[in-house]
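Each residue of the sequence shown is one higher than the last, beginning at 1 in UniProt numbering.
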Amino acid sequence: MTIRGYERTQGTRPKTVKIEMWLRVENNNKYVRGKKKVRESIEQFLRCEYNLRQAHSKSWEYEFDVTYTTVEELEKTVDDIINTMSFEADLRNCFIEFDMRCDELDLTW
1 MTIRGYERTQ GTRPKTVKIE MWLRVENNNK YVRGKKKVRE SIEQFLRCEY
51 NLRQAHSKSW EYEFDVTYTT VEELEKTVDD IINTMSFEAD LRNCFIEFDM
101 RCDELDLTW
């Protein structure tokens with residue numbers, strides 16, 4: 001069914017889920033600097049796109065919201081977030097370690 005140029009599908013309302021994340025950023029070696037800038041860049045990206053919230057100001061624990069219609073779409077979105085974070089760290093000769101989980105859907109990454 002089309003309404004004013006928009007296709008309407010039954011039962012595919014967007015849902016929002018809370019993702020909890022633990023993030024560690026480290027330099028590749030002792031001669032490289034940049035982990036602070038990497039963390040700030042990742043935080044800025046997630047804050048703008050996914051409403052990032054940090055547990056404490058110096059904490060490595062975060063929460064953010066992801067909107068999805070299917071679980072496959074949610075998994076693809078989280079994979080894109082992971083790839084973006086890894087790419088940002090790699091640009092500044094750093095690496096990331098992370099744990100992500102969605103308790104509502106019992107998913108982990």
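Heads up, the beta-carbon is just placed ideally off N, CA and C, and yes, glycines get one too.
Its Cα nearest to that of A89, the residue R24 stands out among I19, E20, E75, R24. Judged by DSSP secondary structure, N27 falls outside any alpha helix (DSSP H) and instead within the beta strand (DSSP E) spanning 15 to 27. Secondary structure note for D79: it is in no beta strand (DSSP E), and the uninterrupted alpha helix (DSSP H) holding it is 71 to 91. About 13 Å separates the CB atoms of I19 and M85; that is not less than 8 Å, and the two are not in contact. Using a Cβ distance threshold of 8 Å, Y50 and V66 count as a contacting pair.
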